Amino acid sequence: MIRRLLLAGAALAAFAVIACSDIVAPSRFGRYEWRLFVAFDSLGPREDSLTFHWPASSLPVKIWVENQYGMPGFVQHSIGLWKNAFLYGEYDAVIVTDSSTADVIVRTIIAPLKPSPSAGRLASALFPGCSGETDIDTVATRNQLRLPVHAYVYPKFDPTTNDLTQCFRITATHELGHTLGLFQHSGDTLDVMFSDPVAEQPSPRDIRTVETVYHFPVSLVPVRP
Amino acid sequence: MRPLIHPAVRTSAFLVLLLAPAPARLAAQTFTAALGATASTRLLHDQIVSGIDVQPKVAPTLNLRAEKGLAHGYGINAELGITSGGLKIRENGVSRDFVSLRTVSLTGGADGRFILGTRWRLGVGAIKYFPSRHEGLFLQGGPTEIIGGAGLDYSWKVRPPFALVVAARYDYHRFTTAELKSRGFFRTENVHRVALTFGISWLKS
Numbered sequence: 004m005i006r007r008l009l010l011a012g013a014a015l016a017a018f019a020v021i022a023c024s025d026i027v028a029p030s031r032f033g034r035y036e037w038r039l040f041v042a043f044d045s046l047g048p049r050e051d052s053l054t055f056h057w058p059a060s061s062l063p064v065k066i067w068v069e070n071q072y073g074m075p076g077f078v079q080h081s082i083g084l085w086k087n088a089f090l091y092g093e094y095d096a097v098i099v100t101d102s103s104t105a106d107v108i109v110r111t112i113i114a115p116l117k118p119s120p121s122a123g124r125l126a127s128a129l130f131p132g133c134s135g136e137t138d139i140d141t142v143a144t145r146n147q148l149r150l151p152v153h154a155y156v157y158p159k160f161d162p163t164t165n166d167l168t169q170c171f172r173i174t175a176t177h178e179l180g181h182t183l184g185l186f187q188h189s190g191d192t193l194d195v196m197f198s199d200p201v202a203e204q205p206s207p208r209d210i211r212t213v214e215t216v217y218h219f220p221v222s223l224v225p226v227r228p
Numbered sequence: 025m026r027p028l029i030h031p032a033v034r035t036s037a038f039l040v041l042l043l044a045p046a047p048a049r050l051a052a053q054t055f056t057a058a059l060g061a062t063a064s065t066r067l068l069h070d071q072i073v074s075g076i077d078v079q080p081k082v083a084p085t086l087n088l089r090a091e092k093g094l095a096h097g098y099g100i101n102a103e104l105g106i107t108s109g110g111l112k113i114r115e116n117g118v119s120r121d122f123v124s125l126r127t128v129s130l131t132g133g134a135d136g137r138f139i140l141g142t143r144w145r146l147g148v149g150a151i152k153y154f155p156s157r158h159e160g161l162f163l164q165g166g167p168t169e170i171i172g173g174a175g176l177d178y179s180w181k182v183r184p185p186f187a188l189v190v191a192a193r194y195d196y197h198r199f200t201t202a203e204l205k206s207r208g209f210f211r212t213e214n215v216h217r218v219a220l221t222f223g224i225s226w227l228k229s
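Chains A and B, in that order, give the protein sequences.
Residue numbering for the first sequence follows the numbering used here, starting at 4 and increasing by one per position.
Residue numbering for the second sequence follows the numbering used here, starting at 25 and increasing by one per position.
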């Protein structure tokens, strides 16, 4: 009887040793600034920091893409890259055919003049062959993001004389990163959100940053005029 | 280099093969099919700004079991358990659905008489997770893990050779995924599950 009790006790102790440790999540340190800084027009600090991410109710985000230079394919590739950056299904997007219902519009023309004084422009991707820009319009209240968000990916030269596949792929991923809520550029050349990116996919720093954005309290909510 | 066959699957197959040759003093064979529900503890806890828990919802369960009686009321058995349910992500007190999740477990073990007409059961084997979509923490697929468990069965002989069976199960395994490992998660999560099933058994003398 005593031997059985000792055996049972030993089994329980072994189980307790095995079961005492749980999974340990990696540190998310080593991320860059993502917030949009806007002038604050009241008493107090003169600058306000704004965070945005797509709410779960908006998923999948609807993206309309101008069908030129094979851009829908590049954007689809970028959607997959960013979607795979998340562990818990925080982001998803689909390409739609009707621009009037789109949350994001991607065009292949040089960005026109800013649509309104409240719009900020993230000019980026100074890759030799192509360029990109994304307009973030926080409306007058500063607490709303006007939809659709406009992004531009366009060639600097005649695309028939140069192979711009890599340039378009990188720039589309970069601009889509801005539409996700990464409203700043990284200072690291290895990140796809570097202002002059060469990385073909989100780096570990990009992923840590965008993960943080999607679990950070938001100050901007999407609105449609 | 990854082994061709996962160690957990090898263990499980070995145990099932062990059951295959009928012992000389075989008393009877019993086949049971049962339906019920399985509840599980969380699969994962993460910390991004605030805490995030990933936990299966209570899942409908199908258990298929084959038992061979031995001398002195003991027996050996093999059990296939299938659960199919949702996975929820809980953060700041708010839950949302993620992928659907199916688990298939195969265990082999021993059983014997217990008190008040019940039978105990112990088993070890393997459990495999099948997510409905390969994304997020399941981007590289679902894991296969070693599982161990115990349980109690009670049966009523309503119309021989058939009987009604109620079975309670507890099992334990550890959880991680290839995607979590590649993201820098280390160690594995302790997962405890309990199941209650009702079914019918057929005694083949």
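Positions of the beta carbon are idealized from the N, C-alpha and C atoms, including for glycine.
Predicted model only: the values in this text are computed from it and were never measured.
Interface residue (Cβ-Cβ distance to chain B less than 7 Å): Arg31 (chain A) is classified as such.
Pairwise C-beta distances place the stretch 60-74 of chain A out of contact with the stretch 27-43 of chain A, as fewer than three of them are shorter than 8 Å. The shortest C-alpha to C-alpha distance from Thr107 (chain B) to any of B:Arg198, B:Ala58, B:Leu176 and B:Asp177 is the one to B:Ala58. Minimum Cα-Cα distance from Trp226 (chain B) among the listed residues B:Glu115, B:Leu94, B:Leu146 and B:Ala187 corresponds to B:Ala187. Just so you know, the alpha carbons of Leu130 (chain B) and Ala219 (chain B) end up roughly 15 Å apart. Against chain B, the beta carbon of Phe89 (chain A) has neighbours under 8 Å at Gly160, listed in chain order. Excluding sequence positions up to five before and after Leu176 (chain B), its CB lies within less than 8 Å of the CB of Phe138, Thr142, Arg143, Trp144, Arg145, Ala191 and Ala192, all in the same chain and listed in chain order. In the DSSP annotation of this structure, the continuous segment of the beta strand (DSSP E) that includes His69 (chain B) starts and ends at Leu68 to Ile72. A:Ala175 is the residue among A:Phe219, A:Val224, A:Ala175 and A:Val213 whose C-alpha sits nearest the C-alpha of Ala202 (chain A).
Boundaries for Leu90 (chain A): no beta strand (DSSP E) harbours it, and the DSSP string shows neither H nor E there. Interface flag for Glu91 (chain B) against chain A is unset, since no Cβ pair is found closer than 7 Å.
The continuous alpha helix (DSSP H) containing Lys86 (chain A) extends over residues Met74 to Lys86. Arg217 (chain B) has a beta carbon lying at 7 Å or more from every beta carbon in chain A. Sequence-ordered contacts of the stretch 99-121 of chain B with chain A read Ile113, Glu115 and Arg120 [C-beta pairs closer than 8 Å]. Contacts with chain A at 7 Å (Cβ-Cβ) include Glu213 (chain B). In the DSSP assignment, Arg208 (chain A) falls within the unbroken alpha helix (DSSP H) covering Pro207 to Val216. Comparing alpha carbon positions, the residue from B:Lys181, B:Phe199, B:Gly147 and B:Ala174 closest to Pro167 (chain B) is B:Phe199.
Between Tyr217 (chain A) and the set A:Phe171, A:Val27, A:His56 and A:His80, the nearest pair of CA atoms involves A:His56. With a beta-carbon spacing of about 6 Å, Gln79 (chain B) and Leu67 (chain B) fall inside the 8 Å limit used to define contacts. Pairing Pro220 (chain A) with Ile224 (chain B), the inter-Cα distance amounts to about 52 Å. Put simply, the CB of Val182 (chain B) is far from chain A, with every gap to its CB atoms at 7 Å or more. For Ala175 (chain A), the uninterrupted alpha helix (DSSP H) run begins and ends at Thr168 to Leu183, by DSSP. Shown here is that no member of the stretch 157-174 of chain A has a Cβ falling below 9 Å from a Cβ of chain B. For the pair Leu125 (chain B) and Gly110 (chain B), the Cα-to-Cα distance works out to about 6 Å. Relative to the Cα of His197 (chain B), the nearest Cα in the group B:Glu203, B:Val189, B:His158 and B:Gly173 belongs to B:Gly173. The Cβ of Ser60 (chain A) sits no closer than 7 Å to any Cβ of chain B. With contacts defined by Cβ atoms closer than 7 Å, Ile151 (chain B) and Tyr91 (chain A) do not form a contacting pair. If you draw a straight line from the Cα of Ala90 (chain B) to the Cα of Asn101 (chain B), it is about 5 Å long. Under the 10 Å beta carbon count, Arg208 (chain A) is surrounded by 16 or more other beta carbons and is classified as buried.
If you look at Glu169 (chain B), you'll find it in the beta strand (DSSP E) that goes Thr168 to Arg183.
Listed by position along chain B, the residues whose Cβ is nearer than 9 Å to that of Thr215 (chain A) are Ile72 and Val73.
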